[in-house]
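Residue 340 in numbering that gives the first Met the number 0 sits at position 341 of the sequence shown, with consecutive numbering throughout. Ideal Cβ placement from N, Cα and C applies to all residues, glycine included. Reviewing the structure listed below.
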Amino acid sequence: MPKSPIPAGDAKEDSAPEAIAPPAPRKPITPRKIAPATDGASWHVKASQPVNYEVRVCQDVFDPNRTDLLDAGGSGGNRTQRRFVVVDETVDSLYGPAIRQYFDHHGVTYEIMVIQAGDVHKEIDVVLRLVERLDAFGIDRRREPVIVVGGGVVMDIVGLAASLYRRGTPFVRVPTTLVGLIDAGVGVKTGVNFNGHKNQLGTYSAATLTLLDRGFLSTLSRRHISNGLAEILKVGLIKDEALFDLLERHGRLVLNENFQGRSPEGADAATAILEAAITGMLEELEPNLWEETLERSMDYGHTFSPAVEMLGLPSMLHGEAVCLDMALSTALACRRGLVNEDECGRVFAVMSDLELPTWSPLHTPEVLGSALHATVRRRDGQQRLPLPVGIGNTVFVNDVSDEELVAAIEFQREMATCSSTEVA
């Protein structure tokens, strides 16, 4: 027999409900006095936003047996079957059929937006057109991350659009270039060029997931492999002597093999170089994602190059401008005794061996002096110029004069005369 809800001894013969007492009367509200604003009154808000994102090696990302691109939007019943994908023209011509077959195989409703490749198209108008397409697609911002497949330019554009749309929409990156694989695809910067300046408009926005498939590098031109090797060389020169040594011994081989490991030696070297570059990059980025500390070793090669690259468009590639900057910075360091002549010679030799430029007619005192002054404005009034110390270390300086810069330019030209690849 079930127990009575009323304890024994408390049961009443009359089961009628008891009367509910009326609520106590509310106390009258005392009107708040209106007083003049207090001079100096302030409220301080302190909050933090944890950032978690993954960079994952993924071979054959568009193999129908892989579900990485689907799982990024949730799993099981929480996963939707809709995806908005952005690619550039080159990616669409090379991999468009494979991308479409992948989503068709999984029964995914998708839309693919194709944008023009190249830094000259890295403009805010492209971002706004992308946002319009996202709005028309009606994306579910929680479960339908935008997918971008391409190089650094298209990833920067999509990252900026995703960070702006509805104050932040998740996105997934699939880099297809070497620069994208080891640099643009692993950080949190987004941006477009504006008013003649490199990445003048941008945000910090982390992709939920980046899938690294070095198989895409098989279709890259030799010049674009060299372009990415410049960013790898940067990591070696300022923080990882062992990586520099790998490039010195095996850089030409991985360039010849497009990082595809066509020989046992090339396979081992490609894996070691890529892993060291990505690890080194993330070690530097993670403690300072939002760049609150302006002395950043990864700014090596990025003091003079933004201005030079913009002047060199469309013929100059990003990594080429970075290498020219690194060559000049190495010349500055050598003249200061931070790098000895043997080390300086090795640096220029590796640059040339990787088919990177070490001199350009754009390296004039006027162009580089103006570039340095522009960088000072971005770095809170100081140069914060990273210079190599030997190979594998760095120091920041704030006292490079116009006269020292002119002398370093001439020294750079002298070092480059024997083995450089000149960029117009």
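Checklist entry - When you compare each of 184, 393, 320, 301 to residue 357 by their alpha carbons, which one comes out closest? => result Distances from the CA of residue 357 to each of 184, 393, 320, 301 were compared; the closest alpha carbon is that of 320.
Checklist entry - Span of the beta strand (DSSP E) holding residue 385? => result 384-388
Checklist entry - Is the Cβ-Cβ distance between residue 297 and residue 308 less than 8 angstroms? => result no
Checklist entry - What is the residue span of the alpha helix (DSSP H) that residue 111 lies within? => result From DSSP, residue 111 is part of no alpha helix (DSSP H) but of the beta strand (DSSP E) over 108-114.
Next on the checklist: For a test of the three-state rule: what should DSSP assign to residue 52, helix, strand or coil?
Outcome noted: coil
Checklist entry - residue 425 bridges to which residues according to DSSP? => result Any answer about residue 425 is impossible in this case: the structure gives the chain only from 0 up to 423.
Next on the checklist: Runs of 3 residues minimum, wholly inside the stretch 126-170: which ones carry the beta strand (DSSP E) assignment?
Outcome noted: 145-149
Checklist entry - How is the beta strand (DSSP E) around residue 259 delimited, first residue to last? => result Where residue 259 is concerned, there is no enclosing beta strand (DSSP E), given that its DSSP letter is neither H nor E.
Item to check | Meets three-Cβ-pair contact criterion under 8 angstroms: the stretch 167-187 and the stretch 214-228 | outcome: They touch, by the three-pair rule.
Item to check | Cβ neighbours of residue 159 in the same chain (closer than 8 angstroms, five flanking residues each side left out) | outcome: 126, 189, 190, 191, 200, 201, 202, 204
Next on the checklist: Whether or not the stretch 79-93 and the stretch 105-112 are in contact is what I'm after, with contact meaning three or more pairs of Cβ atoms, one per stretch, closer than 8 angstroms; do they touch?
Outcome noted: yes
Next on the checklist: Taking 7 angstroms as the limit between beta carbons, can you name the residues of its chain near residue 413, skipping five residues before and five after?
Outcome noted: none
Item to check | As assigned by DSSP and simplified to three states, the class of residue 317 | outcome: helix
Checklist entry - For residue 102, which of helix, strand or coil comes out of DSSP? => result helix
Item to check | N- and C-terminal bounds of the alpha helix (DSSP H) containing residue 37 | outcome: Per DSSP, residue 37 belongs to no alpha helix (DSSP H) and is neither H nor E.
Item to check | Identified DSSP bridge partners for residue 301 | outcome: Its beta-bridge partners do not exist; DSSP assigns none.
Checklist entry - By Cβ distance, which residues of its chain are closer than 7 angstroms to residue 219, with the 5 residues on each side in sequence left out? => result These residues qualify, in order along the chain: 176, 177, 257.
Checklist entry - When the Cα of residue 249 is compared with those of 382, 273, 237, which residue comes out closest? => result It is 273 whose Cα lies nearest to the Cα of residue 249.
Checklist entry - Quick one: is residue 415 buried, meaning 16 or more other Cβ sit within 10 Å of its Cβ, or exposed? => result Residue 415 should be labelled buried.
Next on the checklist: Check whether the stretch 400-411 and the stretch 363-383 are in contact - that is, three or more C-beta pairs closer than 8 angstroms.
Outcome noted: Yes, the stretch 400-411 touches the stretch 363-383.
Checklist entry - Per DSSP, what kind of secondary structure is residue 226 in: helix, strand or coil? => result helix
Item to check | Endpoints, the alpha helix (DSSP H) within which residue 200 is located | outcome: Under the DSSP assignment, residue 200 falls outside any alpha helix (DSSP H), being part of the beta strand (DSSP E) whose first and last residues are 196-200.
Item to check | Own chain, CB closer than 7 angstroms to residue 378, minus 5 neighbours either side, in chain order | outcome: 293
Checklist entry - Roughly how many whole angstroms lie between the Cα atoms of residue 212 and residue 184? => result 11 angstroms
Item to check | Beta-carbon proximity check, residue 148 vs residue 84, cutoff 8 angstroms | outcome: Result yes, Cβ atoms of residue 148 and residue 84 sit closer than 8 angstroms.
Item to check | Closest Cα partner of residue 351 within the set 340, 228, 384 | outcome: 228
Next on the checklist: Check for me: the beta strand (DSSP E) holding residue 451 runs from which residue to which?
Outcome noted: Residue coverage of the chain in this structure runs from 0 to 423, which leaves residue 451 outside it and unanswerable.
Checklist entry - How long is the line joining the alpha carbons of residue 255 and residue 269, rounded to whole angstroms? => result 11 angstroms
Checklist entry - Got a sec? Which residues, its chain only, sit under 7 angstroms from residue 195 by beta carbon, not counting five neighbours each side? => result 309
Checklist entry - Among 21, 135, 276, 398, which has the Cα closest to the Cα of residue 332? => result 398
Next on the checklist: Distance check for residue 304 and residue 362, CA to CA, integer angstroms please.
Outcome noted: Between the alpha carbons of residue 362 and residue 304 lies a distance of about 10 angstroms.
Item to check | Residues of its chain near residue 251, where Cβ-Cβ distance is below 8 angstroms and the 5 sequence neighbours each way are ignored | outcome: 352, 353
Checklist entry - In terms of residue numbering, what span does the alpha helix (DSSP H) encompassing residue 396 cover? => result It is not in any alpha helix (DSSP H) - residue 396 instead sits in the beta strand (DSSP E) that spans 392-396.
Checklist entry - By DSSP, does residue 193 sit in helix, in strand, or in coil? => result strand
Next on the checklist: So, for residue 11: in the same chain, excluding its five sequence neighbours on each side, which residues have a beta-carbon less than 7 angstroms away from its beta-carbon?
Outcome noted: Only weak support exists for where residue 11 lies, its pLDDT of 47 falling under 50; the value from the coordinates is given anyway. Excluding residues within five positions, none has a Cβ falling inside 7 angstroms.
Checklist entry - Would DSSP call residue 286 helix, strand or coil? => result helix
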